[in-house]
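Remarks on the structure that follows.
Numbering (the numbering used here), first residue to last: 173 to 504.
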């Protein structure tokens, strides 16, 4: 079997492993508020999220195309399969480290940083598609700030709407509504996050001359959607604990405000074919909601820890990928 084919198969396996890990790492964020408010039991929430993630992953392909061509051009990579494999190994390693410690870091940052780091290690800084890379970075950086502002405004709106309502009765109804918003948020997560693995596999197929365009093949879409759905079904209870309770004490009205805001932002990014960090968006939405209710109610120490992880993820994953590429380059 030719070495290129072996590397391509390895990339597909590792890409699906990344999607599987993403399922239990990032999807926990999508259901954290509904679990913490007891709108859903953890097991029910996880299974619902798995199904909605699968459906979402099959529905769109725009983000996958962005990942496959806007960071680096696969046709320009001399050892494209090795670069992509190194990026996946680094991203998976960082995801597992942060999952083990219950830190809601960004799988998107880890993957994009790893692709850039491995490509630069292979061919220098000139290999990056700077217009596309900067566009992606803008989306990743701006989306948390938009989420904070949106969460703040959503919470103000709910405070006005529920001003003269019996809070106990309102919370009971909102818990039922939160089941719907948690499902919607899981669906939007699938429309954005699952496509990153699809884009990676497509890059590998192009680099190996197994396809010439950037269309996402049906088997790639089904495989990535299945991997994320299976990963989600395992659940990520450590991340749920951090996002659902350690940032602020979440009540049903806070949860629905944060869920709706997050779903709108993530789906909006999907429609314009931009990858965003669902972790960033959801955590930032909760911070915005908490600020609207009571600034001191947000546990800013935990929020600071999360933000620091966001900041360090991209450079660390890029450095890891660069090192992994140099090691793999000794053998391939």
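Glycine residues also receive a C-beta, built at the ideal position from the N, C-alpha and C atoms. Keep in mind it's a predicted model, so treat the numbers as computed, not measured.
- Query: In its own chain, which residues sit with a C-beta less than 6 Å from the C-beta of residue 392, not counting the 5 before and 5 after it?
  - Reply: On the chain shown, residue 392 is found 220 positions in, with the first residue counted as 1. Hits under 6 Å: 370, 373.
- Item | Alpha-carbon to alpha-carbon, residue 398 and residue 483 | The residue labelled residue 483 in the question sits at position 311 within the chain shown. The residue labelled residue 398 in the question sits at position 226 within the chain shown. One C-alpha to the other measures close to 30 Å.
- Could you please give the first and the last residue of the uninterrupted alpha helix (DSSP H) stretch that includes residue 402? Here residue 402 refers to the residue found at position 230 when the chain shown is read from its first residue. 390-406 is the span of the alpha helix (DSSP H), which, as asked, contains residue 402.
- Query: Using the rule of at least 16 other Cβ atoms within 10 Å of the residue's Cβ for burial, across every protein chain shown, is residue 498 buried or exposed?
  - Reply: Residue numbering aside, residue 498 sits at position 326 when the chain shown is read from its first letter. Per the 10 Å Cβ criterion, exposed.
- Which listed residue (422, 489, 390, 488) has its alpha carbon closest to that of residue 465: Mapped onto the chain shown, residue 465 falls at position 293. Here the closest residue by C-alpha is 422.
- Would you tell me roughly how many angstroms separate the C-alpha atoms of residue 416 and residue 383, rounded to the nearest one? Counted from its first residue, the chain shown places residue 416 at position 244. Counted from its first residue, the chain shown places residue 383 at position 211. For residue 416, the predicted structure reports a pLDDT of 46, less than 50, and the residue's modelled location is therefore unreliable. A value from the coordinates is still provided. The C-alpha of residue 383 is placed about 43 Å away from the C-alpha of residue 416.
- Query: Since residue 300 sits in a beta bridge, which residues does DSSP pair it with?
  - Reply: Here residue 300 corresponds to residue number 128 of the chain shown, with the count starting at 1. DSSP output for residue 300 lists 244 as bridge partner(s).
- Query: Can the beta-carbon of residue 320 be found less than 7 Å from the beta-carbon of residue 405?
  - Reply: One-based indexing of the chain shown puts residue 320 at position 148. One-based indexing of the chain shown puts residue 405 at position 233. Here residue 320 is not near residue 405, since their CB atoms are 7 Å or more apart.
- Message: Comparing C-alpha positions only, which one of 180, 501, 461 sits nearest to residue 325?
- Response: Residue 325 sits at position 153 when you count from the first residue of the chain shown. Residue 461 is the option with its Cα nearest to residue 325.
- What are the boundary residues of the alpha helix (DSSP H) that residue 441 is part of? Here the question's residue 441 lines up with position 269 in the chain shown. Residue 441 -> alpha helix (DSSP H) spans 424-443.
- Task: Report yes if the C-beta distance between residue 363 and residue 186 is below 7 Å; otherwise report no.
- Result: Within the chain shown, numbered from 1, the residue matching residue 363 stands at position 191. Within the chain shown, numbered from 1, the residue matching residue 186 stands at position 14. Against a cut-off of 7 Å, the Cβ pair of residue 186 and residue 363 comes out as no contact.
- Message: At 3 residues or longer, what runs of the beta strand (DSSP E) sit wholly inside the region 196-235?
- Response: Correct list: empty.
- Query: Going along the chain, which residues of its own chain have a beta-carbon closer than 8 Å to the beta-carbon of residue 446, five neighbours each way excluded?
  - Reply: Within the chain shown, the letter at position 274 stands for residue 446. Within its own chain, the residues whose Cβ lies closer than 8 Å to the Cβ of residue 446, once the five positions on either side in sequence are excluded, are 235, 238, 307, 308, 311, listed in chain order.
- Query: Does the beta-carbon distance from residue 435 to residue 360 come in below 7 Å?
  - Reply: As a first step, residue 435 must be located in the chain shown, where it is residue number 263. As a first step, residue 360 must be located in the chain shown, where it is residue number 188. Between residue 435 and residue 360, the gap from beta carbon to beta carbon is short of 7 Å.
- Message: Rounded to whole angstroms, what is the Cα-Cα separation between residue 487 and residue 313?
- Response: For this step, residue 487 is matched to residue 315 along the chain shown. For this step, residue 313 is matched to residue 141 along the chain shown. Those two C-alpha atoms are separated by around 14 Å.
- Message: Do residue 202 and residue 222 count as a contact pair if the criterion is CB distance below 7 Å?
- Response: Within the chain shown, the letter at position 50 stands for residue 222. Within the chain shown, the letter at position 30 stands for residue 202. A distance of 7 Å or more separates the beta carbons of residue 222 and residue 202.
- Query: Leaving out five residues before and five after residue 240 in sequence, what residues of the same chain have Cβ atoms less than 6 Å from its Cβ?
  - Reply: As a working note, residue 240 is residue 68 in the chain shown. Result list for residue 240: 371, 374, 375, 386, in chain order.
- Pair within 7 Å by beta-carbon distance, residue 442 and residue 278: Indexing the chain shown from 1 puts residue 442 at position 270. Indexing the chain shown from 1 puts residue 278 at position 106. No, the pair does not count as a contact, with Cβ atoms beyond the cut-off.
- Who are the near neighbours of residue 184 in its chain, counting only those whose CB is closer than 6 Å to its CB and skipping five residues on each side? Residue mapping note: residue 184 aligns to position 12 of the chain shown, counting from 1. So the list reads 373, once near-sequence residues are dropped.
- Item | For residue 466, the three-state DSSP class (helix, strand or coil) | Translated into the one-based positions of the chain shown, residue 466 becomes position 294. Coil, per DSSP.
- For residue 383, name the three-state secondary structure that DSSP assigns. Mapped onto the chain shown, residue 383 falls at position 211. Correct three-state label for residue 383: coil.
- Item | Short Cβ contact (7 Å threshold) for residue 189 with residue 493 | Indexing the chain shown from 1 puts residue 189 at position 17. Indexing the chain shown from 1 puts residue 493 at position 321. Not in contact: residue 189 and residue 493 (Cβ atoms no closer than 7 Å).
- Item | Three-way DSSP call (helix, strand, coil) for residue 174 in this model | If you number the chain shown from 1, residue 174 lands on position 2. It is coil, neither helix nor strand.
- Query: Three-state secondary structure (DSSP) at residue 336?
  - Reply: Taking the first residue of the chain shown as 1, we reach residue 336 at position 164. Coil.
- Message: For residue 506 and residue 249, what's the separation of their Cα atoms in angstroms?
- Response: As shown, the chain starts at 173 and ends at 504. That puts residue 506 outside it, with no answer to give.
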